[in-house]
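Each remark here refers to the structure printed beneath this line.
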Amino acid sequence: MPRLVVAAAMLYAGGAAAQTPGAAPPAAAPAAAPAPPPSTPPVSTPPASPPQDGVGAWRVDCGGDGRTLDCRAFQQLVTRETNQLVAQAVARLGPDKQPLLALQLPLGISVSEPVVIRVDGGREDKAPLQTCTNTGCFVSLPLKDPLLASMRTGAQLKLSLQDPNKRTVNIDLPLLGFALAFDKATK
115 MPRLVVAAAM LYAGGAAAQT PGAAPPAAAP AAAPAPPPST PPVSTPPASP
165 PQDGVGAWRV DCGGDGRTLD CRAFQQLVTR ETNQLVAQAV ARLGPDKQPL
215 LALQLPLGIS VSEPVVIRVD GGREDKAPLQ TCTNTGCFVS LPLKDPLLAS
265 MRTGAQLKLS LQDPNKRTVN IDLPLLGFAL AFDKATK
């Protein structure tokens with residue numbers, strides 16, 4: 115729990131330091147790299163699993179009750195310097211067999227502003243924050259065909275958030291291996 119607060123503080127400070135009135139475009143999140151699986155993931159995250167060959171930054175995690183198997187494609191983004199979680203994305207099929215995208219974002223962001231989601235320089239989708247807990251803030255949305263298709267072929271999933279002072283904070287999640295991981299998780 116303290117690790118995520120530190121990550122959110124670092125994210126907030128990084129965005130705030132680069133954003134002064136009349137300054138250039140919004141700051142990007144701190145230098146980040148795909149995360150190794152955490153040793154004890156929060157309840158809302160998939161259990162840790164070793165990276166699978168050929169999947170790249172996105173991985174597949176499956177769990178089940180002995181009769182059915184529930185799989186998801188996921189990626190975690192952490193700061194290089196401290197290995198702290200910045201964001202996590204999970205793509206899976208919902209109970210109605212429709213694709214869903216769930217995002218875990220850092221604390222310290224404006225809950226009154228929607229998260230702007232786009233792939234590379236493409237079309238923007240907006241989604242409201244649904245809840246925040248001591249592990250972060252959460253967004254879940256249907257992964258409809260235009261967004262899903264662009265995630266399969268794009269390079270970066272770009273998230274734009276607002277800090278409490280209404281300054282934009284950007285988080286880029288690499289899409290390397292997304293199509294392969296999503297296909298494996300949903301077959």
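Going from the sequence shown to our numbering is simple: count from 1 and add 114.
Using N, Cα and C, we set each Cβ at its ideal position, and we do this for glycine too.
Quantities reported herein were computed from a predicted structural model and do not represent experimental measurements.
Contacts around residue i, its chain only, beta-carbon distance under 7 angstroms, and the 5 residues preceding and following it disregarded
{"i": "R186", "result": "P160, D175, V204, A205, R206, A299"}
{"i": "P260", "result": "R237"}
{"i": "D297", "result": "none"}
{"i": "D184", "result": "C176, G177, G178"}
{"i": "A295", "result": "V169, W172, R173, V174, A187"}
{"i": "A293", "result": "R266"}
{"i": "Q212", "result": "P256"}
C-beta atoms of residue i and residue j nearer than 7 angstroms
{"i": "V233", "j": "L275", "result": "no"}
{"i": "A201", "j": "L219", "result": "yes"}
{"i": "L262", "j": "A241", "result": "no"}
{"i": "L289", "j": "G250", "result": "no"}
{"i": "V253", "j": "L199", "result": "no"}
Short CB-CB distance (under 7 angstroms) between residue i and chain C
{"i": "D179", "result": "The structure shown contains no chain C; it is built from a single protein chain."}
Candidates the options: closest to residue i by CA position
{"i": "Q109", "options": "G235, S224, L289", "result": "The question about residue 109 has no answer here: the residues shown for the chain are numbered 115 through 301."}
{"i": "D210", "options": "S264, N279, E227, L257", "result": "L257"}
{"i": "S279", "options": "N248, D239, S226", "result": "For the sequence presented, residue 279 should be read as Asn rather than Ser. If we check each option's Cα against that of N279, S226 comes out closest."}
{"i": "I305", "options": "Q212, S264, C246", "result": "For residue 305 there is no data in the structure shown, the boundaries of the chain being 115 and 301."}
For residue i: DSSP bridge partner residues
{"i": "L214", "result": "R206, P256"}
{"i": "G250", "result": "T247"}
{"i": "Q189", "result": "A203"}
{"i": "A241", "result": "V229"}
{"i": "S274", "result": "V230, N284"}
{"i": "R181", "result": "For R181, which the question treats as bridged, DSSP gives no partner whatsoever."}
{"i": "R173", "result": "F188"}
{"i": "L261", "result": "Per DSSP, none; premise fails for L261."}
{"i": "L219", "result": "C251"}
Contact set for residue i: own chain, Cβ-Cβ below 8 angstroms, skip 5 residues either direction
{"i": "Q270", "result": "V233, D234, D286, L287, P288, L289"}
{"i": "T134", "result": "Note that T134 scores a pLDDT of 37, beneath 50, so its modelled location is shaky; the value from the coordinates is reported in the next line. Correct list: empty, nothing qualifies."}
{"i": "D239", "result": "V230, I231, R232, L255, L261"}
{"i": "C246", "result": "L221, V225, F252"}
Residue i Cβ short of 6 angstroms to the ligand GTP heavy atom set
{"i": "Q212", "result": "The ligand GTP is absent from the structure shown, which contains no ligands of any kind."}
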